[in-house]
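>
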Amino acid sequence: MSKLRSFRVINGRTLFKCHSCKSTRMYTIPPGVRTRSLRCSKCGETTRCTFNRRVVEREQQSGKVLLFCDDGKEIEVNLFDISMDGLGFEVPIRDVMRIAVGRYVSFKCPWNPQLLSQGRYIIRSIRGQRVGAERV
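The opening residue of the sequence shown carries number 1 in my numbering; numbering runs sequentially from there.
1) Go to residue 37, then tell me how far its beta strand (DSSP E) extends in each direction, as first and last residue.
2) Grab me the residues of residue 129's own chain with a C-beta within less than 8 Å of its C-beta, minus the 5 sequence neighbours each way, in chain order.
3) Just to confirm before moving on: does the CB-CB distance between residue 50 and residue 23 stay below 7 Å?
4) Within 10 Å of its beta-carbon, does residue 116 have 16 or more other beta-carbons around it, so buried, or fewer, so exposed?
5) Grab the span of the beta strand (DSSP E) containing residue 60 for me, first residue to last.
6) Once the 5 residues before and after residue 122 are set aside, which same chain residues still bring their CB inside 6 Å of it?
7) What number of angstroms, rounded off, separates the C-alpha of residue 156 from the C-alpha of residue 14?
8) Report the residue from 119, 17, 110 whose alpha carbon sits nearest the alpha carbon of residue 43.
9) Can you tell me the Cα-Cα spacing of residue 1 and residue 47, whole angstroms?
10) Does residue 53 come out as helix, strand or coil in the three-state DSSP assignment?
11) Would you kindly work out how many angstroms separate the C-alpha atoms of residue 28 and residue 62, rounded to a whole number?
12) Let me know if residue 163 comes out buried or exposed under the rule of 16 or more other beta-carbons within 10 Å of its beta-carbon.
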């Protein structure tokens, strides 16, 4: 069974380090690829990889959180990752039209109240159901 690990992508390349035999190899990662399974060239072990292209490291988080819009709307969303500058989440398809780029929102995390208690965020990108927000 493959393990999930995060690797940093710089200039379209990542340094893959096998968790079993510790051998390293450079791989080219095409733009837009977020996850991929990589196989170690020495021991053959397969690792499920997520790729981080941000300058600031992002932490993988997952769970349901509540999004509050400025107009009082409340939407339950799926949290995916958090960084020092913002977060990424997925909105249910029925609620995608309720948010827009440039809107201010805040979050409440029922399972960890301190996780998202730092105030307001602004929506920076929307791709389908995937949304990115930056801390204000």
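A virtual CB, placed ideally from N, CA and C, is assigned to each residue, including glycine.
Considering the structure as presented:
1) The residue given as residue 37 occupies position 37 in the sequence shown. Note, residue 37: beta strand (DSSP E), 35-39.
2) Numbered from 1 along the sequence shown, position 129 holds the residue referred to as residue 129. Same-chain partners within the cutoff: 90, 91, 92, 93, 96.
3) Here residue 50 is taken as the residue at index 50 of the sequence shown, counted from 1. Here residue 23 is taken as the residue at index 23 of the sequence shown, counted from 1. Not a contact, by the Cβ cut-off of 7 Å.
4) Taking the sequence shown and counting its residues from 1, the one referred to as residue 116 is at position 116. With a 10 Å radius around the Cβ and a threshold of 16 neighbouring Cβ atoms, residue 116 comes out buried.
5) Within the sequence shown, the letter at position 60 stands for residue 60. Start and end: 59-69.
6) Residue numbering aside, residue 122 sits at position 122 when the sequence shown is read from its first letter. Within the same chain, 104, 134, 136 come within 6 Å of residue 122 by CB-CB distance, once the 5 residues on both sides are set aside.
7) The structure shown does not extend to residue 156, since the chain spans only 1 to 136, so no value can be given for it.
8) The sequence position of residue 43 within the sequence shown is 43, counting from 1. Between residue 43 and the set 119, 17, 110, the nearest pair of CA atoms involves 17.
9) For the purposes of this step, residue 1 is taken as the residue at position 1 of the sequence shown. For the purposes of this step, residue 47 is taken as the residue at position 47 of the sequence shown. With a pLDDT of 46 at residue 1, under the threshold of 50, the modelled position of that residue is not reliable, and no figure is offered here.
10) One-based indexing of the sequence shown puts residue 53 at position 53. DSSP places residue 53 outside both helix and strand once states are collapsed to three, so it counts as coil.
11) For the purposes of this step, residue 28 is taken as residue 28 along the sequence shown, with counting starting at 1. For the purposes of this step, residue 62 is taken as residue 62 along the sequence shown, with counting starting at 1. In a straight line, the C-alpha of residue 28 is about 27 Å away from that of residue 62.
12) The question about residue 163 has no answer, for the chain in this structure spans 1 to 136.
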